[in-house]
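Q:
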Amino acid sequence: MHRPRAAAAAQTLRSRFGEPPMAAVIAGSGLGALADALEGRTACSYKDIRGFPEMGVAGHLGQTAVGALQGRRVLILGGRSHYYQGVDDEEVLVLVRAAALWGCRILVVTNAAGGVNPEYRPGDLMLIADHLNLLFRSPLRGPNNDAWGRRFPDLCHAYDPDLRRRMREAARLEGIALREGVYAANLGPSFETPAEGRLLRLLGADAVGMSTVPEVLAARHMGLRVVALSYISNSLVHKPEGVATHQEVLDNSRRVVEPLTRLLRRFVAGLNGTTNGHE
Ligand code: HPA
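For the sequence shown, position 265 matches number 660 in our numbering, and the numbering has no gaps at all.
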């Protein structure tokens, strides 16, 4: 059998950064600046990690950084691959799988998303309570790697209730308003039509994006505990004329980096040995 890419990448992470941190954070579009908050940071380009994806989307830095937030070491993955780039499952999932094989136990996913809940406004932060997989396929299809996880992973608690509670508490302590809702994954790369925005609302979505769901499936397959945050970069309800642009997504990301950093710092500070991810 060929050696999975993720195993090679995990090996490189181990040799570059040593012991695994408890948590890995995927920084979504425009959120790579999260890594600037790390104390005692060591960083390297995705190019220097065997098996990591090549970054081709503006706003995705392609940089891995390890350092401390409030004294707790974390891995920040600045940039991800998306299916709309035409890449395969392994390319989309390698970051999560490498972090898991290295030994991280908690995955914090961040993304930019369009609001379909009429109460949401650009700049809002949303804790993901659940998702709708509108990619209509699972990245886990095909032969199962039993060493990584079981064939039929349960998704009832895909977004860990205890970690969500901790995130809500961190937001309260920081005075940050935090929405909580359902994230729908759309393949992209086009933004949704106004009719699709209305349909997503009828289906029970609060926000829609082009990432996260495959990563969460891979993480749950490997037994990682997951918590995920969307930043609402645009609204499909209040500005449904199809004028959402990637530039708008990146511009709006600047104002959420500060509250998001504070939120993550407070959240990570509360993690301890009992939240090490073993279920
Ligand atoms: N739709 C899909 N993905 C997105 C959007 C959107 O409106 N905004 C940011 N990512």
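By construction, the Cβ of each residue, glycine as well, lies at the ideal position given by its N, Cα and C atoms. Note that the structure is predicted; figures quoted are calculated from it, not measured.
With C-beta atoms as the reference, is M613 less than 8 angstroms away from P534?
A: One detail in the question is off: residue 613 reads as Ala in this sequence, not Met. Cβ atoms of A613 and P534: closer than 8 angstroms.
Q: On a CA-only basis, which of Y479, L502, G481 is nearest L490? Give me that one, please.
A: L502
Q: Opposite Q406 in the DSSP bridges: which residues?
A: Paired residue(s): none; Q406 is not in a bridge.
Q: Take the Cβ of F547 as the centre, count every other Cβ of all protein chains shown within 10 Å, and call the residue buried at 16 or more, exposed below.
A: So F547 counts as exposed.
Q: Does any residue of chain C have a CB that is nearer than 8 angstroms to the CB of D541?
A: Considering every chain present, this structure includes no chain C. It has just one protein chain.
Q: Using a 10 Å radius around the Cβ and a threshold of 16 neighbouring Cβ atoms, would you call C551 buried or exposed?
A: Within 10 angstroms of the beta-carbon of C551 lie fewer than 16 other beta-carbons, which makes it exposed.
Q: Taking 7 angstroms as the limit between beta carbons, can you name the residues of its chain near V651, skipping five residues before and five after?
A: Correct list, in chain order: G518, L520, Y626.
Q: From which residue to which residue does the beta strand (DSSP E) around V503 run?
A: 501–510
Q: In its own chain, which residues sit with a C-beta less than 6 angstroms from the C-beta of G510, not counting the 5 before and 5 after it?
A: A602, I627, S630
Q: With distance defined between alpha-carbon atoms, name the residue in D483, Y478, G576 nearest to Q530.
A: A small fix is needed here, since residue 530 is Leu in this sequence, not Gln. Selected option, being the one with the closest Cα: Y478.
Q: Taking L582 as the reference, give the member of Q480, L472, G413, L456 with the closest Cα.
A: Q480
Q: Tell whether a beta-carbon distance below 8 angstroms holds between P584 and M605.
A: Going by C-beta atoms, P584 is nearer than 8 angstroms to M605.
Q: Quick one, are the C-beta atoms of P448 and S424 less than 8 angstroms apart?
A: no
Q: Assuming A553 contacts V611 under a Cβ cut-off of 8 angstroms, what Cβ separation, rounded to an integer in Å, is found between them?
A: 6 angstroms
Q: Hey, how far is the Cα of V621 from the Cα of R500?
A: 9 angstroms
Q: Tell whether a beta-carbon distance below 8 angstroms holds between H616 and G498.
A: no
Q: Contact defined as beta carbons within less than 8 angstroms: I believe R492 pairs with M417. What is the distance between those atoms, to the nearest angstrom?
A: Their Cβ separation, rounded to whole angstroms, is 17 angstroms, which puts R492 and M417 out of contact at 8 angstroms.
Q: Hey, out of R596, R567, L429, D557, whose CA is closest to G576's CA?
A: Comparing Cα positions, the closest option is R596.
Q: As a quick exercise: from Q642, D525, N506, pick the residue whose alpha carbon is nearest that of L624.
A: N506
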